Amino acid sequence: MASSTNTATPGEAPLVRTSFIWTLYLLLGLFAFMLSMIGPMVPYLQDEFSISYTLAGLHQSAFALGMVTMGLAGSSVIRRLGIALSVWGGMGSMLVGLLVMVLARGPAMTLGGIFAMSLGGTVALAAIQTALANGPAAHRGRMIMEANVMASVFAMLVPLVLLAGARWFLGWRIVFPAMLVSLVAVASFGIPATIRHQETRDEKADAGSGRLGAPYWRMWIIVFFGVTVEWAISFWCMTYLLGLPGRSRELAAAGTVLLGLSAVAGRFVSSRLTRRFSEEQLFIIVTVIVLAGFPLYWLRANVPLTFLGLALCGFGSSNFFPLGLSLALGHAPGNAAKASSLMPVASGSAIGLAPFLLGRLADATDIRIAMAYIPVGIAIILAIALADRLFSRRRVSS
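Spelled out as structure tokens, the structure:
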């Protein structure tokens, strides 16, 4: 891959995590919570509205469609509104979409609410990524990794919140008061921090403009396939683990918890290693980790080896998006808003397509055959990375 190194150099100023940076981290966590809650909520929606698996699955697709739709328009919105208003307006709009969903009396409103959530959340996501990209260049990769650690932690809170809803007789609708309280809490210090930060920046310059070059688009494709691999592992994890001897739901549920923990660990460790290794080196390392873990997971020989393979796959694949994003932004200096806005198009398309297409393949063949896509996706990623490195060397030598 072309060089976009973020490693620290002697005498370099350390990363100072201001209240504005912490605000961005927490808001990305809230976005991840909203994205991650849809899958675990599906059984509740099926019970309440008596909907089919196909209609239930459309809820994840509705969120993905919103990401793609607003991703295509996000840079224009950010340039028009500025980063600050895009961040907070987007999060507020996301909350309104969630309110529509919890007030729903049928799947039409839940689907509409999720789509509205996604539109607002994607604007906020793109603005958050733009703000991180416009931070200290030497620490860009580390900040993006740390923000995504926060995202993984918040995503793991979804089952706990839904469990609390069941115990307090609020059901799945507890997600709205939980999100409202959390967003108000972050806004209490985050909005003043944003105003202080805004006074020191030229938001029009921060948004940037211009065309994106081929190196950016190669990273964009890598992010797309990286997210398809990540979601192939995570979305079908519980279903695949039910193929273990005994077909224990408790064991499969434990595996999904392990996958979440390994994702948090993977992003945390990578965020610590960004000072020692370049992003390109880290990307190759995590790719090799997934390749090492996949056979253990795929074979399902026994529980310990399967869980070890799953943990390795989760550890490595959780880094595909943040590392790919940072590398892509490194190829788009002065054009952060457009580069950041188009990333949800890649991830949203992957989220919308991978679970659905692999599900269709599993219906036609077997879930084990469908999971064989994972090494295929990794091979495509490595091929594009190799091509990027060759193009980079050719460009330098010419």
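Last residue of the sequence shown: 422 (the working numbering), numbering continuous. Even glycine gets a Cβ: it sits at the ideal position worked out from N, Cα and C. For clarity, every value in this text was computed on a predicted model and none was experimentally measured.
Neighbourhood of residue i by C-beta distance below 8 angstroms, restricted to the same chain and skipping five residues each side
i, result
"residue 403", "none"
"residue 62", "83, 84, 87 and 138"
"residue 133", "124, 125 and 127"
"residue 411", "242"
"residue 122", "58, 137, 141, 199, 200 and 203"
Delimiting residues of the alpha helix (DSSP H) encompassing residue i
i, result
"residue 108", "107-126"
"residue 282", "273-297"
"residue 223", "No alpha helix (DSSP H) holds residue 223; DSSP gives it neither H nor E."
"residue 389", "Premise fails: residue 389 is in no alpha helix (DSSP H) and is neither H nor E."
"residue 144", "131-157"
"residue 164", "164-180"
"residue 241", "238-259"
Beta-carbon proximity list for residue i, same chain, < 6 angstroms, skipping 5 on both sides
i, result
"residue 378", "252, 255 and 256"
"residue 401", "249, 252 and 253"
"residue 407", "none"
"residue 88", "372, 375 and 376"
"residue 42", "none"
"residue 40", "none"
"residue 290", "339, 342 and 343"
"residue 246", "348, 405 and 408"
"residue 266", "276"
"residue 229", "Confidence at residue 229 is low in this model, with a pLDDT of 47, below 50, so its placement is unreliable and the value that follows should be read with caution. Correct list: empty, nothing qualifies."
Candidates the options, of which the one nearest residue i by Cα
i, options, result
"residue 335", "364, 374, 278 and 373", "278"
"residue 85", "48, 135 and 340", "135"
"residue 261", "113, 392, 412 and 416", "392"
"residue 238", "356, 380, 118 and 49", "356"
"residue 165", "304, 62, 389 and 123", "304"
"residue 52", "111, 74 and 370", "111"
"residue 205", "312, 119, 366 and 365", "119"
"residue 156", "49, 215, 123 and 188", "49"
"residue 196", "45, 366, 70 and 396", "70"
"residue 292", "314, 364, 259 and 346", "346"
"residue 221", "108, 309 and 271", "108"
Spatial neighbours of residue i in its chain, beta-carbon cut-off 7 angstroms, leaving aside the 5 residues before and after
i, result
"residue 185", "198, 199 and 202"
"residue 288", "173, 176, 177 and 180"
"residue 321", "330, 333, 334 and 337"
"residue 146", "90, 91, 94, 95, 98 and 368"
"residue 32", "Per-residue confidence for residue 32 stands at a pLDDT of 49, beneath the threshold of 50, marking its modelled position as unreliable; the derived number appears in the next sentence. If we look at residue 32 and ignore the five residues flanking it on each side, its Cβ neighbours are 162 and 299."
"residue 80", "66, 69 and 70"
"residue 236", "356, 359, 362 and 363"
"residue 170", "49 and 295"
"residue 101", "110 and 147"
> Going along the chain, which unbroken runs of the alpha helix (DSSP H) with 4 or more residues stay wholly within the region 297-371?
Replying inline: You should have 303-323, 327-341 and 344-354.
> In chain order, which alpha helix (DSSP H) runs of at least 4 residues are fully inside the region 37-99?
Replying inline: Runs found: 43-60 and 62-73.
> Fully enclosed by the region 186-227, which alpha helix (DSSP H) runs are 4 residues long or longer?
Replying inline: 199-222, all fully within the region 186-227.
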